[in-house]
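Novice: Chains as they are written, first to last, in the numbering used here: chain G, 2 to 248; chain R, 1269 to 1471. Just so you know, even glycine gets a beta-carbon here, dropped at the ideal spot from N, CA and C. Fair warning: this is a prediction, and the values are worked out from it, not measured in the lab. Below are the structure tokens for one structure; questions will follow.
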């Protein structure tokens, strides 16, 4: 076992301990302990407005590989879907999801089926869709949903590249609110210009906490904050040691 | 399968894969490799399910008699034709390659070209929608990079140095900062799935 592996495992153990510490007992945190992220406030309002207006939310999970590092953003998207669908499932126009990977389609259908059952609402398999397997066909299918399914809000949380611009452009033309975040760096630049409310960097991983998905989501935000400072100190100390010639 | 069983299974498999990554002991590494291979096979099966779903959604739209179902007809006909032809001739036959090179590639290239125009249009729209310090920095940097990357300005001494500094220092520093945040988010999500508080499966 190398030193890097030991450090990695120790880092994960500390992360896990911090999450459990802040998720249990009287140390539980309220969301008011954290800054406001406008995209999530807007999303919560958009869900309410969609219900009142009889329109739909379209959530796109992107096209990240389910067995690669992009899976985390997909799981985050499913957490947000879980919360949104609890409100929209009983409506006339329930949430529709689009994805560019078969496994995300299966998981999104599974998520919507379970939340629909929980609120005693019907579920239709066509709510969770695979729209294409390569970037542009995926975007073409997603923009078809955006333009033709009475969508009021596009929630784009997942792994996206340049094709994202086609979906948001369709949204703009249809007068649809675009909210989104991605783990892809070039995708973030496009997200920043193309959406009404972009989620920058790690903000997208706060989705579960800000949408009320549970205590561990809020606890993991605090753990991330603490460990971010630890990493910043390590980077600065490393840079200083390099500067004075120790490393 | 009841949810506690599915959750227990997911946690167990997740732990084995994680420990197999960090502790390179024979049995753990082999088990990890086997489980990841199984995941790959399941993802491939999910892909087939996804294609069936794509077909089913558009056939349902045609049956429902929606007004905007022209593209559904196009998709169903082209998907059926491609499956029959590629299934009959095989993926490397000239017919299959013709479909790829003369239909898919030109369409995707056209969309890529369209993207460049849309991006410029979006930057203008962003400035109309929200003018804050981030938007202004973004636009100034984008315009500066476009101008200095073009024509004779690319070689101009001071400008090319500034351009290099923006790419090698500012952009890399910003990207690394964002990546640290994203990686922490990825780890937090993974750990929540591992302890069973996030369950992206109903069981």
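1) I'd like to know whether the C-beta of residue 1465(R) is nearer than 9 Å to at least one C-beta of chain G.
2) If you draw a straight line from the alpha carbon of residue 1434(R) to that of residue 1352(R), how long is it in whole angstroms?
3) Less than 9 Å between CB atoms is the rule here; does residue 147(G) satisfy it with respect to chain R?
4) How would you call residue 210(G), buried or exposed, if buried means at least 16 neighbouring beta carbons within 10 angstroms?
5) Exposed or buried, residue 23(G), counting other C-beta atoms within 10 Å across all chains shown (16 or more means buried)?
6) Just the C-alpha distance for residue 85(G) and residue 48(G), rounded to the nearest angstrom, thanks.
7) Checking contacts by CB at 9 Å: is residue 1380(R) closer than that to chain G?
8) Taking only three categories from DSSP, how would you classify residue 200(G)?
9) What do you reckon, are the CB atoms on residue 1430(R) and residue 1412(R) nearer than 9 Å?
10) Less than 9 Å between CB atoms is the rule here; does residue 35(G) satisfy it with respect to chain R?
11) By how many angstroms is the C-alpha of residue 1401(R) removed from the C-alpha of residue 198(G)?
12) Suppose you measure from the CA of residue 75(G) to the CA of residue 1424(R); what does that come to, to the nearest Å?
13) Note down the Cα distance separating residue 183(G) from residue 240(G), rounded to an integer number of angstroms.
14) To the nearest angstrom, how far is it from the Cα of residue 166(G) to the Cα of residue 132(G)?
15) Along the chain, where does the beta strand (DSSP E) that runs through residue 153(G) open and close?
16) Here's the rule I'm using: 16 or more other beta-carbon atoms within 10 Å means buried, otherwise exposed. How should residue 156(G) be labelled?
17) Could you pull the start and end residues of the beta strand (DSSP E) that residue 100(G) belongs to?
18) Can a CB atom of chain G be found closer than 9 Å to the CB of residue 1269(R)?
19) So what's residue 135(G) in DSSP terms, helix, strand or just coil?
20) Spell out a yes or no on whether the segment 102-115 of chain G and the segment 1315-1324 of chain R are touching, meaning 3 or more CB-CB pairs, one atom from each, closer than 8 Å.
21) Please determine, among 97(G), 139(G), 192(G), the residue with the shortest C-alpha to C-alpha distance to residue 1390(R).
22) In angstroms with no decimal places, state the Cα-to-Cα distance between residue 1287(R) and residue 5(G).
23) If I'm right that residue 153(G) touches residue 57(G) with Cβ under 8 Å, what's the distance once you round it to whole angstroms?
24) According to DSSP, is residue 28(G) helix, strand or coil?
25) Given a limit of 7 Å on CB to CB distance, which residues of the segment 84-104 of chain G reach chain R?
26) Output the residue ranges of the alpha helix (DSSP H) runs that lie fully inside the segment 1375-1438 of chain R and measure 4 residues or longer, sorted by chain position.
27) Going along the chain, which residues of its own chain have a beta-carbon closer than 8 Å to the beta-carbon of residue 43(G), five neighbours each way excluded?
28) Suppose the cutoff is 8 Å on Cβ atoms and the five residues either side in sequence are ignored; what does the same chain contact list for residue 1410(R) look like?
29) Just to confirm the assignment: which complete beta strand (DSSP E) runs, minimum length 3, are found wholly within the segment 19-91 of chain G?
30) Take residue 72(G) and list the residues in its own chain whose beta-carbon comes closer than 8 Å to its own, dropping the five residues that flank it on each side.
31) Using a Cβ cut-off of 9 Å (strictly closer), state whether residue 1331(R) contacts chain G.
Specialist: Looking at the atomic coordinates:
1) Within the second chain, the letter at position 197 stands for residue 1465(R). True, the Cβ-Cβ gap to chain G drops below 9 Å.
2) Indexing the second chain from 1 puts residue 1434(R) at position 166. Indexing the second chain from 1 puts residue 1352(R) at position 84. Distance between the alpha carbons of residue 1434(R) and residue 1352(R): 52 Å.
3) Here residue 147(G) refers to the residue found at position 146 when the first chain is read from its first residue. Cβ-Cβ to chain R under 9 Å: no for residue 147(G).
4) Against the first chain, residue 210(G) aligns to sequence position 209. So residue 210(G) ends up on the buried side.
5) Reading the first chain from its first residue, position 22 is the one you call residue 23(G). The residue is buried, with at least 16 neighbouring Cβ atoms inside 10 Å.
6) By one-based count along the first chain, residue 85(G) stands at place 84. By one-based count along the first chain, residue 48(G) stands at place 47. Their backbone Cα atoms lie some 7 Å apart in a straight line.
7) The count along the second chain starts at 1 and reaches residue 1380(R) at position 112. Interface residue, yes.
8) On the first chain, position 199 is the one that residue 200(G) refers to. Three-state DSSP puts residue 200(G) in a strand.
9) Start at 1 with the first residue of the second chain, and residue 1430(R) comes out as number 162. Start at 1 with the first residue of the second chain, and residue 1412(R) comes out as number 144. A contact, by the Cβ cut-off of 9 Å.
10) Start at 1 with the first residue of the first chain, and residue 35(G) comes out as number 34. Chain R contact via Cβ: absent.
11) Counting from one through the first chain, the residue named residue 198(G) turns up at place 197. Counting from one through the second chain, the residue named residue 1401(R) turns up at place 133. Distance between the alpha carbons of residue 198(G) and residue 1401(R) is about 15 Å.
12) Position 74 of the first chain, counting from 1, holds the residue named residue 75(G). Position 156 of the second chain, counting from 1, holds the residue named residue 1424(R). Rounded to whole angstroms, residue 75(G) to residue 1424(R) spans 45 Å at the Cα level.
13) As a working note, residue 183(G) is residue 182 in the first chain. As a working note, residue 240(G) is residue 239 in the first chain. Going by the C-alpha atoms only, they are around 29 Å apart.
14) Residue numbering aside, residue 166(G) sits at position 165 when the first chain is read from its first letter. Residue numbering aside, residue 132(G) sits at position 131 when the first chain is read from its first letter. One C-alpha to the other measures close to 16 Å.
15) Here residue 153(G) refers to the residue found at position 152 of the first chain. 152-160 is the extent of the beta strand (DSSP E) around residue 153(G).
16) Translated into positions along the first chain, residue 156(G) becomes position 155. Residue 156(G) should be labelled buried.
17) Along the first chain, read from residue 1 onward, the residue named residue 100(G) stands at position 99. It spans 97-100 - the beta strand (DSSP E) in which residue 100(G) sits, taken as one unbroken run.
18) Your numbering for residue 1269(R) matches position 1 in the second chain. Because residue 1269(R) carries a pLDDT of 48, less than 50, the predicted location of this residue cannot be relied on, and no value is offered for it.
19) Reading the first chain from its first residue, position 134 is the one you call residue 135(G). The answer is coil: DSSP assigns residue 135(G) none of H, G, I, E or B.
20) yes
21) Reading the second chain from its first residue, position 122 is the one you call residue 1390(R). Residue 192(G) is the option with its Cα nearest to residue 1390(R).
22) Mapped onto the second chain, residue 1287(R) falls at position 19. Mapped onto the first chain, residue 5(G) falls at position 4. So the alpha carbons of these two residues sit roughly 14 Å apart.
23) Position 152 of the first chain, counting from 1, holds the residue named residue 153(G). Position 56 of the first chain, counting from 1, holds the residue named residue 57(G). Indeed, because the Cβ distance is near 6 Å, the residues count as touching under 8 Å.
24) Here residue 28(G) refers to the residue found at position 27 of the first chain. The answer is helix: DSSP assigns residue 28(G) an H, G or I state.
25) 103, 104
26) 1401-1416, 1425-1433
27) Translated into positions along the first chain, residue 43(G) becomes position 42. Around residue 43(G): 178, 180, 197, 198.
28) Against the second chain, residue 1410(R) aligns to sequence position 142. Same-chain partners within the cutoff: 1391.
29) 57-63
30) The residue given as residue 72(G) occupies position 71 in the first chain. 65, 66.
31) The residue given as residue 1331(R) occupies position 63 in the second chain. Closer than 9 Å: no.
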